[in-house]
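Asks: I'd like to ask some things about the structure below.
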Amino acid sequence: MKMFQSAKWRKQAQIVESVLSAAPSFDKEYRLPPEEFARRQKNVWAMLQREGFDCGVVYSDEHYCGDVPYLGGNNNIIVEPIAGVIGKDGFVFLAGLESGIVCEQFSKRANAKIFRTDIFKADYGDAYPKGILHPHEAIEAACGGKPANIALLTTRAVLPLSLYNMVSAYVGAGNVKDLSKEYYAIKYNKSELELKLCEEASLVTDVMLEGMLRVLSPGMYETQVAAWGALIAHELGVEELAYPTMVTSGRNNWTLVGKASNRVIQEGDIVHIGAGAKRDGLAGSTRMSVQCVKDESGLTAEYKKNMTFLEDAFTYSVDQFKEIVEKKLDGSEHERAMIAYYNARAGEFKGVDGKPIENFARLKGYATMHNTGYTECQEFYGALTDDYEGKLPQKMAFMMDAGLQGFDKSWDDVVMDWEYIVLEKTLGKLGGDVRIFNKLPLNVQYLVGEGF
Numbered sequence: 005m006k007m008f009q010s011a012k013w014r015k016q017a018q019i020v021e022s023v024l025s026a027a028p029s030f031d032k033e034y035r036l037p038p039e040e041f042a043r044r045q046k047n048v049w050a051m052l053q054r055e056g057f058d059c060g061v062v063y064s065d066e067h068y069c070g071d072v073p074y075l076g077g078n079n080n081i082i083v084e085p086i087a088g089v090i091g092k093d094g095f096v097f098l099a100g101l102e103s104g105i106v107c108e109q110f111s112k113r114a115n116a117k118i119f120r121t122d123i124f125k126a127d128y129g130d131a132y133p134k135g136i137l138h139p140h141e142a143i144e145a146a147c148g149g150k151p152a153n154i155a156l157l158t159t160r161a162v163l164p165l166s167l168y169n170m171v172s173a174y175v176g177a178g179n180v181k182d183l184s185k186e187y188y189a190i191k192y193n194k195s196e197l198e199l200k201l202c203e204e205a206s207l208v209t210d211v212m213l214e215g216m217l218r219v220l221s222p223g224m225y226e227t228q229v230a231a232w233g234a235l236i237a238h239e240l241g242v243e244e245l246a247y248p249t250m251v252t253s254g255r256n257n258w259t260l261v262g263k264a265s266n267r268v269i270q271e272g273d274i275v276h277i278g279a280g281a282k283r284d285g286l287a288g289s290t291r292m293s294v295q296c297v298k299d300e301s302g303l304t305a306e307y308k309k310n311m312t313f314l315e316d317a318f319t320y321s322v323d324q325f326k327e328i329v330e331k332k333l334d335g336s337e338h339e340r341a342m343i344a345y346y347n348a349r350a351g352e353f354k355g356v357d358g359k360p361i362e363n364f365a366r367l368k369g370y371a372t373m374h375n376t377g378y379t380e381c382q383e384f385y386g387a388l389t390d391d392y393e394g395k396l397p398q399k400m401a402f403m404m405d406a407g408l409q410g411f412d413k414s415w416d417d418v419v420m421d422w423e424y425i426v427l428e429k430t431l432g433k434l435g436g437d438v439r440i441f442n443k444l445p446l447n448v449q450y451l452v453g454e455g456f
């Protein structure tokens, strides 16, 4: 096969051109204003005062990229990680030698000071490089002197051991406390501007998805399909994706959230496509499954049955969430309702042994609703699991997934002769109103076939 097929590429380019010509418009250059960061910093500092702490430390890297930008506005983290400290004298970047330069691009709006340190050697003690600002100096700049205690605002699942060692040696381990849950509760409650950006990002993902589905055809590599999604995103002003564009086909669907690989898509394959985009750091997402056929007459009966079930499950999920919001119920009620819904319809499916499937809900994948923000899903707080505690915030953004997989604990643990299909959209709770930010319908099979 030739590396590049110009005729096919030109046909796909014309399809993508028509998709882009109908795309929604918004101000590509818009960024959150200084007032937004002042509000966030004020709320976090008030929480620290209530908890009796002199400052809080946050950390971010390229993958887990939300805790520092939330306060510092630097949603351009690349290569080197960065930390920050918030105290009575404001927010200070405890940056690396390189990340401290990069963060200057967008951080002025957060009114933050930048201290460039050797962040990778934060806990070297007496062996810390001479002539370079020490992390202690950044902390003291935020606190107006040496603090008596320090709160860790980034989860221990992410915070580097070196930073923990440094602050523990500095103020004593007994004076360091994990307050990440309290910090994440503040981030969970979104502002109108944050929701606006999440919605715009979601609309971009619709266009990405439409473009990829319309060019989809047998013989394309998954990576070739994904390339058009990325092009559309950047053309519409997306500076970063919420995750690598997902295109999985055939057995690759078993990854559930796998990125595009160099597998050739075959006619009749089930294809899962996931598009995630960010607007000024805030994420929107959509994921859908289709069958790679010329028209709907080529759909298999099994595929149609399973997708109809999934569309029903997603619709039920939205209705249940609306009821929870209307009646001000605990968030955990949603996942319990979804587990019950899947199990109630288990009789429609058979296992590989021909018998009914026990605990059918285990094949839905994971929690139906998860929090979002500066990461698409790694917020470490707010997923509506069946053990979620408390009421929901006034305003929130979240992803809602309905899935159906064929294996349980591993690829070798096959329960049902089936690959994986999914429907995911981004939603917002705005007081008592619940809105799906994406505009594409649940069934997008009609978009497939033009690229054949």
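Residue numbers (my numbering): 5 to 456.
Glycine included, every Cβ here is placed at the ideal spot set by N, Cα and C.
1) State the CB to CB distance for the pair Ser-336 and Asp-405, rounded to an integer number of angstroms; the pair is presumed to be in contact (CB under 8 Å).
2) Pick out whichever of Asn-310, Gly-386 and Tyr-34 has its Cα sitting closest to the Cα of Glu-204.
3) So Gln-295 is in the beta strand (DSSP E); what residue range does that whole segment cover?
4) Would you mind listing the alpha helix (DSSP H) stretches within the region 210-245 that are 4+ residues and don't spill past its ends, in chain order?
5) With burial defined as no fewer than 16 other Cβ atoms inside 10 Å of the residue's Cβ, what is the status of Leu-165: buried or exposed?
6) Alpha carbon to alpha carbon, how far is Val-211 from Ser-64? Give it in angstroms, no decimals.
7) Classify Gln-53: buried if its beta carbon has 16 or more other beta carbons within 10 angstroms, exposed otherwise.
8) Please identify the residue among Lys-298, Pro-73, Asn-375 and Asn-256 whose C-alpha is closest to the C-alpha of Gln-109.
9) Out of Gln-270, Gly-288 and Phe-97, state which residue places its alpha-carbon closest to the alpha-carbon of Gly-278.
10) Can you give the Cα-Cα distance for Ala-152 and Thr-319, rounded to whole angstroms?
11) To test your reading of the DSSP string, which unbroken beta strand (DSSP E) runs of 3 or more residues are found completely within the region 369-440?
12) According to DSSP, simplified to helix, strand and coil, what is Phe-456?
13) Have a look at Lys-12, Ser-414 and Asn-256 and flag the residue whose alpha-carbon is nearest the alpha-carbon of Leu-220.
14) Give me, in chain order, the residues of the same chain whose beta-carbon lies closer than 6 Å to that of Lys-282; leave out the 5 immediate sequence neighbours on both sides.
15) Per DSSP, Val-15 is paired with what?
16) Could you check the C-alpha separation between Thr-312 and Ala-189 for me, to the nearest Å?
17) Output needed for Asp-284: all residues of its chain with C-beta closer than 6 Å, excluding positions within five of it in sequence on either side, in chain order.
18) Identify which residue in Ile-19, Val-23, His-138 and Met-420 has its Cα closest to the Cα of Pro-360.
19) Thinking C-alpha only, which one of Tyr-392, Leu-235 and Asp-437 is nearest Lys-185?
20) Can you give the Cα-Cα distance for Val-229 and Val-251, rounded to whole angstroms?
21) At what residue ranges does the region 160-204 contain a whole run of the beta strand (DSSP E), taking only runs of 3 or more?
22) CB Ile-90 to CB Cys-59, shorter than 8 Å?
23) So the beta strand (DSSP E) Met-250 belongs to, where does it begin and stop?
24) Mind pulling the alpha helix (DSSP H) runs of 4 or more residues that sit fully within the region 320-350?
25) In three-state DSSP terms, what is Leu-101?
26) Does the distance from the C-beta atom of Leu-217 to that of Val-294 stay below 8 Å?
27) Between Gly-254 and Gln-270, is the Cβ-Cβ spacing less than 8 Å?
28) On the criterion of 16 or more Cβ atoms from any shown chain inside 10 Å, does Ala-344 qualify as buried, or is it exposed?
29) Can you say whether Phe-124 is buried or exposed, counting buried as having 16 or more other CB atoms within 10 angstroms of its CB?
30) Whose CA, out of Glu-55, Ile-86, Leu-75 and Phe-57, lies closest to the CA of Glu-66?
31) For Ser-10, count neighbouring C-beta atoms within 10 Å of its own C-beta (all shown protein chains included) and say buried if the count is 16 or more, exposed if not.
32) Please report the straight-line C-alpha distance between Cys-381 and Glu-362, rounded to a whole angstrom.
33) On the premise that Glu-423 lies in contact with Trp-258, defined as a C-beta separation below 8 Å, what is that separation, rounded to the nearest angstrom?
34) Going by DSSP, what residue range makes up the alpha helix (DSSP H) through His-140?
35) Please confirm whether Thr-290 and Thr-376 have their CB atoms less than 8 Å apart.
36) Please confirm whether Arg-366 and Asp-316 have their CB atoms less than 8 Å apart.
Replies: Reading from the atomic positions:
1) That belief does not hold up - the Cβ atoms of Ser-336 and Asp-405 are roughly 17 Å apart, past 8 Å.
2) Tyr-34
3) Boundaries of the beta strand (DSSP E) around Gln-295: 286-295.
4) 226-239
5) By the beta-carbon neighbour count (other beta carbons within 10 angstroms, threshold 16), Leu-165 is exposed.
6) 29 Å
7) exposed
8) Pro-73
9) Gly-288
10) 52 Å
11) Scanning the region 369-440 from its first residue to its last, the whole beta strand (DSSP E) runs of 3-plus residues come out as 373-375, 399-409, 424-434 and 437-440.
12) coil
13) Lys-12
14) Ala-205, Glu-244 and Ala-246
15) Per the sequence presented here, residue 15 reads as Lys, with Val not at that position. Looking at the DSSP output, Lys-15 shares a beta bridge with no other residue.
16) 36 Å
17) Arg-35, Leu-36 and Leu-201
18) Looking at the Cα atoms, Met-420 is the closest of the given residues.
19) Tyr-392
20) Approximately 7 Å, taken between the alpha carbons.
21) 180-182
22) yes
23) 250-253
24) 336-348
25) In the structure shown, Leu-101 sits in coil (DSSP, three-state: anything other than H, G, I, E or B).
26) With contacts defined as CB atoms closer than 8 Å, Leu-217 and Val-294 qualify as a contacting pair.
27) yes
28) exposed
29) exposed
30) For the residues Glu-55, Ile-86, Leu-75 and Phe-57, the minimum Cα distance to Glu-66 belongs to Ile-86.
31) Per the 10 Å Cβ criterion, exposed.
32) 29 Å
33) 6 Å
34) Per DSSP, His-140 belongs to the alpha helix (DSSP H) from 139-147.
35) The Cβ atoms of Thr-290 and Thr-376 do not sit closer than 8 Å to each other.
36) no
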